[in-house]
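**Q**
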Amino acid sequence: MISYKFLQYNTDNLRLGWSVLEELAGSSDFLLLQRFPKDKQKELCNITGKAFLTESVMHKNMSLAIGRANGLSSVGGVETINLPSSQLVQAVGNEWQGCTALKGMYNNIKLVSALPCYPESMGEFPITKEDNEKDIQFLLEKFKDEPTIIAGDFHFSPEDNAINEIIEANGFKSYLDGHKTFKTSSGQFINLDKLLCNFTIDISDIIVHNTDNDIQQGHFPITYTLSWEPNPNEE
Numbered sequence: 003m004i005s006y007k008f009l010q011y012n013t014d015n016l017r018l019g020w021s022v023l024e025e026l027a028g029s030s031d032f033l034l035l036q037r038f039p040k041d042k043q044k045e046l047c048n049i050t051g052k053a054f055l056t057e058s059v060m061h062k063n064m065s066l067a068i069g070r071a072n073g074l075s076s077v078g079g080v081e082t083i084n085l086p087s088s089q090l091v092q093a094v095g096n097e098w099q100g101c102t103a104l105k106g107m108y109n110n111i112k113l114v115s116a117l118p119c120y121p122e123s124m125g126e127f128p129i130t131k132e133d134n135e136k137d138i139q140f141l142l143e144k145f146k147d148e149p150t151i152i153a154g155d156f157h158f159s160p161e162d163n164a165i166n167e168i169i170e171a172n173g174f175k176s177y178l179d180g181h182k183t184f185k186t187s188s189g190q191f192i193n194l195d196k197l198l199c200n201f202t203i204d205i206s207d208i209i210v211h212n213t214d215n216d217i218q219q220g221h222f223p224i225t226y227t228l229s230w231e232p233n234p235n236e237e
């Protein structure tokens with residue numbers, strides 16, 4: 003089996019500061035980031051070998067990113083995927099929303115950083131839970147027949163049956179459900195971040211870096227090692 007260390011992190015516009023990202027990125031093979039400020043792309047490239055970005059919401063500063071360390075072969079086939087909520091989210095204009103995914107190919111594995119929309123009832127264009135589910139369904143259905151790793155903030159807990167059914171129906175498995183990756187405004191630690199895969203992997207060394215508990219609310223970085231056979235599509 004081959005093994006790689008991943009950093010998965012909804013940075014919340016670097017809420018925990020640059021040094022946290024820099025330290026963890028320096029020891030990771032791949033970065034799968036959400037809500038990363040696109041005006042920091044140059045700095046991101048300085049701490050990883052190569053970084054690809056796309057806007058989470060068009061014409062806003064928040065972005066999705068895929069990074070890979072020096073010494074690894076290139077990530078190709080980079081593509082921005084507009085999710086079904088894209089037009090609605092752009093009308094709302096909230097840069098903290100999501101409506102896109104970023105896909106790259108490493109060898110024969112697709113790596114995806116994703117941020118679907120979340121419900122937002124205020125304003126002229128309400129975004130619903132159904133819109134979130136449509137985004138997730140679209141994304142998973144698109145990649146269900148190809149070996150794919152998807153990391154992102156899906157905005158709902160692992161107890162959400164509708165999302166669990168979408169994951170299972172499209173042949174994916176969720177790997178971080180037991181880990182507390184987000185601090186709520188009331189001080190609770192819950193899980194909102196997903197790592198999904200539709201081929202056989204081993205996951206080890208999972209660490210949620212939540213030692214800085216002074217933040218009022220937000221996501222924490224997650225590191226883990228993924229191992230798989232070199233040709234999973236031949237299973």
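Taking my numbering, the leading residue of the sequence shown gets 3, the next gets one more, and so forth. Note that the Cβ used here is the ideal one computed from N, Cα and C, for glycine as well.
1) Okay, do the region 32-43 and the region 62-75 touch, 3+ Cβ pairs below 8 Å being the bar?
2) Between the Cα of K52 and those of G73, R37 and L197, spot the shortest distance and give me the residue it belongs to.
3) Let's test the definition: count the other Cβ atoms within 10 Å of the Cβ of Q219 and tell me whether it reaches 16, buried, or not, exposed.
4) State whether the region 20-27 contacts the region 162-177, with contact taken as three or more CB pairs (one from each stretch) at a distance under 8 Å.
5) In terms of residues, what are the limits of the alpha helix (DSSP H) holding I49?
6) Alpha carbons only, please: which of W98, E45, G95 and A116 is nearest the one belonging to K105?
7) Tell me whether M64 is buried or exposed, calling it buried when 16 or more other Cβ atoms sit within 10 Å of its Cβ.
8) Whole-angstrom Cβ separation of Q99 and E122, contact assumed at under 8 Å?
9) Is it buried or exposed for S87, if we count other Cβ within 10 angstroms and need 16 for buried?
10) If you run the structure through DSSP and keep just helix, strand and coil, what is F156?
11) Rounding to the nearest angstrom, what Cα-Cα distance links N172 and L113 in this structure?
12) With DSSP run on the structure shown, which of helix, strand or coil describes Q190?
13) Which same chain residues, not among the five before or five after D155, have their C-beta less than 7 Å away from its C-beta?
14) On the DSSP bridge assignment, give the partners of I169 in chain order.
15) How big is the Cα-Cα spacing for S229 and K146?
16) Compute the beta-carbon to beta-carbon distance between G125 and V94, rounded to the nearest angstrom, for a pair I have assumed lies under 8 Å.
17) Mapping DSSP to helix, strand and coil, what is W98?
18) For K40 versus L55, is the C-beta distance shorter than 8 Å?
19) Please list the terminal residues of the continuous alpha helix (DSSP H) segment that includes F138.
20) From H61 to T225, what does the alpha carbon distance come to, in whole angstroms?
21) Is T186 buried or exposed, if buried means 16 or more other CB atoms sit within 10 Å of its CB?
**A** The structure says:
1) Per the Cβ contact rule, the region 32-43 is in contact with the region 62-75 (3 or more Cβ pairs under 8 Å).
2) Minimum Cα distance to K52 is reached at G73.
3) Burial call: exposed.
4) Counting C-beta pairs with one atom in each stretch, the region 20-27 and the region 162-177 have fewer than three that are closer than 8 Å, which means they do not touch.
5) Q43 to I49 is the extent of the alpha helix (DSSP H) around I49.
6) Nearest of W98, E45, G95 and A116 to K105, Cα basis: A116.
7) Here M64 is buried. Its C-beta has 16 or more other C-beta atoms within 10 Å.
8) Rounded, the Cβ-Cβ distance is 7 Å, consistent with contact.
9) Burial state of S87 is buried, judged by a 10 Å Cβ sphere holding 16 or more other Cβ atoms.
10) Looking at F156 - three-state DSSP - the assignment turns out to be coil, as it is neither helix nor strand.
11) A direct Cα-Cα distance of roughly 17 Å separates N172 from L113.
12) Correct three-state label for Q190: coil.
13) For D155, where only same-chain residues beyond five positions count, the Cβ hits under 7 Å are N12, Q36, L117, L194, D195 and H221.
14) Note: I169 is not bridge-paired with any residue in the DSSP secondary-structure output.
15) The C-alpha of S229 lies about 20 Å from the C-alpha of K146.
16) The distance from the Cβ of G125 to that of V94 is about 6 Å, consistent with a contact at the 8 Å cut-off.
17) In this structure, W98 counts as coil in the three-state DSSP scheme.
18) For K40 and L55, yes; Cβs fall inside 8 Å.
19) The sequence given here has Ile at residue 138, not Phe. DSSP places I138 in the uninterrupted alpha helix (DSSP H) bounded by K131 to F145.
20) Separation of H61 and T225 (C-alpha to C-alpha, rounded to the nearest whole angstrom) is 30 Å.
21) Around the C-beta of T186, fewer than 16 other C-beta atoms lie within 10 Å, and the residue is accordingly described as exposed.
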